[in-house]
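A.B. asks: Please find one structure pasted underneath; my questions will follow.
Number of protein chains: 2
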Amino acid sequence: MFIGAQVSLYPMTSDFVEVIMTGLDALTPYKSDLRIETDDMSTLMVGAPEPLFGAMRDLFAASTRRPEHVTMHVTLSRGCPGEPDDPTCRCDVLEKAQDESLAERQVLAAEAVRSAAETGVQIDLQFSLYVMGNGDHMEEIYGCIDFLRNSGTFHKTKNFCTRLRGDAGPVFETLRQAFLRFGPAQGHVTIDMTASANSPSLA
Amino acid sequence: MFIGAQVSLYPMTSDFVEVIMTGLDALTPYKSDLRIETDDMSTLMVGAPEPLFGAMRDLFAASTRRPEHVTMHVTLSRGCPGEPDDPTCRCDVLEKAQDESLAERQVLAAEAVRSAAETGVQIDLQFSLYVMGNGDHMEEIYGCIDFLRNSGTFHKTKNFCTRLRGDAGPVFETLRQAFLRFGPAQGHVTIDMTASANSPSLA
Numbered sequence: 001m002f003i004g005a006q007v008s009l010y011p012m013t014s015d016f017v018e019v020i021m022t023g024l025d026a027l028t029p030y031k032s033d034l035r036i037e038t039d040d041m042s043t044l045m046v047g048a049p050e051p052l053f054g055a056m057r058d059l060f061a062a063s064t065r066r067p068e069h070v071t072m073h074v075t076l077s078r079g080c081p082g083e084p085d086d087p088t089c090r091c092d093v094l095e096k097a098q099d100e101s102l103a104e105r106q107v108l109a110a111e112a113v114r115s116a117a118e119t120g121v122q123i124d125l126q127f128s129l130y131v132m133g134n135g136d137h138m139e140e141i142y143g144c145i146d147f148l149r150n151s152g153t154f155h156k157t158k159n160f161c162t163r164l165r166g167d168a169g170p171v172f173e174t175l176r177q178a179f180l181r182f183g184p185a186q187g188h189v190t191i192d193m194t195a196s197a198n199s200p201s202l203a
Numbered sequence: 001m002f003i004g005a006q007v008s009l010y011p012m013t014s015d016f017v018e019v020i021m022t023g024l025d026a027l028t029p030y031k032s033d034l035r036i037e038t039d040d041m042s043t044l045m046v047g048a049p050e051p052l053f054g055a056m057r058d059l060f061a062a063s064t065r066r067p068e069h070v071t072m073h074v075t076l077s078r079g080c081p082g083e084p085d086d087p088t089c090r091c092d093v094l095e096k097a098q099d100e101s102l103a104e105r106q107v108l109a110a111e112a113v114r115s116a117a118e119t120g121v122q123i124d125l126q127f128s129l130y131v132m133g134n135g136d137h138m139e140e141i142y143g144c145i146d147f148l149r150n151s152g153t154f155h156k157t158k159n160f161c162t163r164l165r166g167d168a169g170p171v172f173e174t175l176r177q178a179f180l181r182f183g184p185a186q187g188h189v190t191i192d193m194t195a196s197a198n199s200p201s202l203a
């Protein structure tokens, strides 16, 4: 299994380089657990979902502590058949999920969100979950949407994506649960996600 | 068939509201062909691929004519089983693609990129193509990557995505061809795409 993300931070300020550098400092505690490589468009992070989602949450939370509007885009992927197996990406949640029904996974996902620690930072987030390969991919997606509606972080549905809102802690935990508990445990699942904070046009 | 996109523009300047408003002016010629709805996180555009990709290209090209670093993120979708049929999304390329082999589609895609008009704006772009449902989704993705490598706009492969570089005209045409010619013509296909211009850290 290969798990990772391409992450881009977009501060809507002329000081964007400084905001990005401050945000990247938040990744320091994760550097031993994740492979992190930055180019001019995005930062690749490869590793297990626990540090991976923690790193994304802390990067974004750190960047939102200034007053400026900031967004972050992430392309997440697990199980892509074109990527090599990577032992650092091993994940107990995925191992166990193979034997769990959709209903069981919905319960476990909801419990994980309820016990997520708060960060003190309010964010908006919208994302799309994609399940590739054989099988009824829409059943898993509808099952995920049911979980999202009852997650406590649900805001609204939109065409092509779902909006979440709340503290960055439970919001990123909701995203992690959607990524790990829905779609085949050994299949190819991706997420297209955008987070936003301090928007002047919050609706 | 339902075809559309969630589009977000991110100018890395304290004048970001003005840059966004200038960019949105570029959408005026497309308002009769597309349904366009904006909220605080993204702009929904629904319609046929010809005006849809033209609108995205012109929105981004207009925003890059100022000196500031600007990026745009787009979530594209066609054929989502959860969306209603919409006659305004009808597309001849998709209708014909049902009877064309992968090799034929690669040739047609390359021809379309070669004849795309230039805009005078240089951009970078990275994207992931997702093919849902039954069938060998990786065969279509590898076929698309072959087309991209010979498109004239190919820059490099990265984990989870492919980088393009060049004039916004052929680059957005490459993206449109990837979206329309690969994956089942009546299937569910999505793209997660980020464009960038005027980056101070161009590599």
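In order, the protein sequences belong to chains A and B.
Using full-length UniProt numbering, the letters of the first sequence map in sequence onto residues 1 to 203.
Using full-length UniProt numbering, the letters of the second sequence map in sequence onto residues 1 to 203.
C-beta atoms are modelled at their ideal positions from N, C-alpha and C, and glycine is treated no differently.
Taking 8 Å as the threshold, find out whether the region 76 to 92 of chain B comes into contact with the region 189 to 199 of chain B through three or more Cβ pairs.
C.D. replies: Touching, yes.
A.B. asks: Kindly indicate if chain B contains any beta-carbon less than 8 Å away from that of residue 167(A).
C.D. replies: For residue 167(A), the answer is no, since every Cβ of chain B falls outside 8 Å of its Cβ.
A.B. asks: From this set, 170(B), 178(B), 158(B), which residue's C-alpha is nearest residue 40(A)'s C-alpha?
C.D. replies: The residue with the shortest Cα to Cα distance from residue 40(A) is 158(B).
A.B. asks: Using CA coordinates, which residue listed in 162(A), 183(A), 112(A), 105(A) is at the minimum distance from residue 136(A)?
C.D. replies: Comparing Cα-Cα distances from residue 136(A) to each of 162(A), 183(A), 112(A), 105(A), the minimum goes to 183(A).
A.B. asks: In the DSSP output, which residue or residues are listed as bridge partners for residue 7(A)?
C.D. replies: Paired residue(s): 43(A), 74(A).
A.B. asks: Is residue 63(A) helix, strand or coil when you go by DSSP?
C.D. replies: DSSP places residue 63(A) in helix when its eight states are reduced to three.
A.B. asks: How many angstroms separate the CA atom of residue 74(A) from the CA atom of residue 131(A)?
C.D. replies: Going by the C-alpha atoms only, they are around 17 Å apart.
A.B. asks: For residue 72(A), count the other beta carbons within 10 Å of its own beta carbon; 16 or more makes it buried, fewer makes it exposed. Which is it?
C.D. replies: Per the 10 Å Cβ criterion, buried.
A.B. asks: Quick check for students: name the residue ranges of the alpha helix (DSSP H) that lie wholly in the region 7 to 37 of chain A, counting only runs of 4 or more.
C.D. replies: Runs found: 16 to 25.
A.B. asks: Within 10 angstroms of its Cβ, does residue 42(B) collect 16 or more other Cβ (buried), or is it exposed?
C.D. replies: Flag for residue 42(B) reads buried.
A.B. asks: Within the continuous alpha helix (DSSP H) that includes residue 113(A), where are the two ends?
C.D. replies: 102 to 114 is the extent of the alpha helix (DSSP H) around residue 113(A).
A.B. asks: Suppose you measure from the CA of residue 60(A) to the CA of residue 92(B); what does that come to, to the nearest Å?
C.D. replies: Distance between the alpha carbons of residue 60(A) and residue 92(B): 42 Å.
A.B. asks: Can you tell which of 99(B), 138(B), 155(B) has the C-alpha that lies nearest to the C-alpha of residue 125(B)?
C.D. replies: Checking every option, the nearest Cα to that of residue 125(B) belongs to 155(B).
A.B. asks: In the DSSP assignment, the beta strand (DSSP E) including residue 166(B) goes from what residue to what residue?
C.D. replies: It spans 161 to 167 - the beta strand (DSSP E) in which residue 166(B) sits, taken as one unbroken run.
A.B. asks: In chain E, which residues lie with their C-beta within 9 Å of the C-beta of residue 23(A)?
C.D. replies: Among the chains of the structure shown, chain E does not appear; the protein chains present are A and B.
A.B. asks: Name the two residues that bound the continuous beta strand (DSSP E) containing residue 155(B).
C.D. replies: Where residue 155(B) is concerned, the enclosing beta strand (DSSP E) stretches over 154 to 158.
A.B. asks: When the Cα atoms are used, what is the spatial distance from residue 52(A) to residue 37(A)?
C.D. replies: Approximately 13 Å, taken between the alpha carbons.
A.B. asks: Could you pull the start and end residues of the alpha helix (DSSP H) that residue 93(A) belongs to?
C.D. replies: Residue 93(A) -> alpha helix (DSSP H) spans 92 to 97.
A.B. asks: Nearest by alpha-carbon distance to residue 166(B): which of 4(B), 35(B), 198(B), 85(B) is it?
C.D. replies: Out of 4(B), 35(B), 198(B), 85(B), 198(B) has the C-alpha closest to the C-alpha of residue 166(B).
A.B. asks: For a quick check, are the C-beta atoms of residue 33(A) and residue 23(A) less than 8 Å apart?
C.D. replies: Taking 8 Å as the Cβ cut-off, residue 33(A) and residue 23(A) do not qualify as a contacting pair.
A.B. asks: Which chain B residues sit within Cβ distance under 7 Å of residue 30(A)?
C.D. replies: Residues of chain B passing the Cβ test: none, with the nearest at roughly 17 Å.
A.B. asks: Where do the N-terminal and C-terminal ends of the alpha helix (DSSP H) with residue 148(B) fall, by residue?
C.D. replies: It spans 137 to 149 - the alpha helix (DSSP H) in which residue 148(B) sits, taken as one unbroken run.
A.B. asks: Can the beta-carbon of residue 30(A) be found less than 8 Å from the beta-carbon of residue 70(A)?
C.D. replies: No.
A.B. asks: May I ask you to list the residues that DSSP assigns as paired with residue 128(A)?
C.D. replies: Looking at the DSSP assignment, residue 128(A) forms a beta bridge with 192(A).
A.B. asks: At least one CB of chain B closer than 8 Å to the CB of residue 63(A): is that the case?
C.D. replies: By this cut-off, residue 63(A) is not an interface position.
A.B. asks: What did DSSP end up calling residue 117(A) once you bin it into helix, strand or coil?
C.D. replies: Looking at residue 117(A) - three-state DSSP - the assignment turns out to be coil, as it is neither helix nor strand.
A.B. asks: Return helix, strand or coil for residue 186(B), following the three-state DSSP convention.
C.D. replies: If DSSP states are grouped into helix, strand and coil, residue 186(B) belongs with coil.
A.B. asks: With a 10 Å radius around its C-beta and 16 neighbouring C-beta atoms as the bar for buried, classify residue 173(B) as buried or exposed.
C.D. replies: Flag for residue 173(B) reads buried.
A.B. asks: For the candidate residues 4(A), 87(A), 151(A), whose alpha-carbon lies nearest to that of residue 108(A)?
C.D. replies: When each option's Cα is compared against that of residue 108(A), the closest is 151(A).
A.B. asks: Does the beta carbon of residue 83(B) sit closer than 8 Å to a beta carbon anywhere in chain A?
C.D. replies: Closer than 8 Å: yes.
A.B. asks: So residue 1(B) and residue 90(B) are in contact, right, with Cβ under 8 Å, and what is the actual spacing, rounded?
C.D. replies: That pair is a contact at about 7 Å.
A.B. asks: May I ask you to list, following chain order, the residues of the region 192 to 203 of chain B that have a beta carbon less than 8 Å from some beta carbon of chain A?
C.D. replies: Against chain A - using a Cβ distance shorter than 8 Å - the residues of the region 192 to 203 of chain B are 192, 194, 196, 199, 200, 201, 202, 203.
A.B. asks: For residue 122(B), list the residues DSSP reports as bridge partners.
C.D. replies: Residue 122(B) is bridged to 167(B).
A.B. asks: Taking 8 Å as the CB-CB cut-off, is residue 126(B) touching chain A?
C.D. replies: Chain A, which has a Cβ nearer than 8 Å to the Cβ of residue 126(B), makes this yes.
A.B. asks: Can you list, in chain order, the residues of its chain whose CB lies under 6 Å from that of residue 26(B), leaving out five sequence neighbours each side?
C.D. replies: The answer, listed in chain order, is 58, 59, 62.
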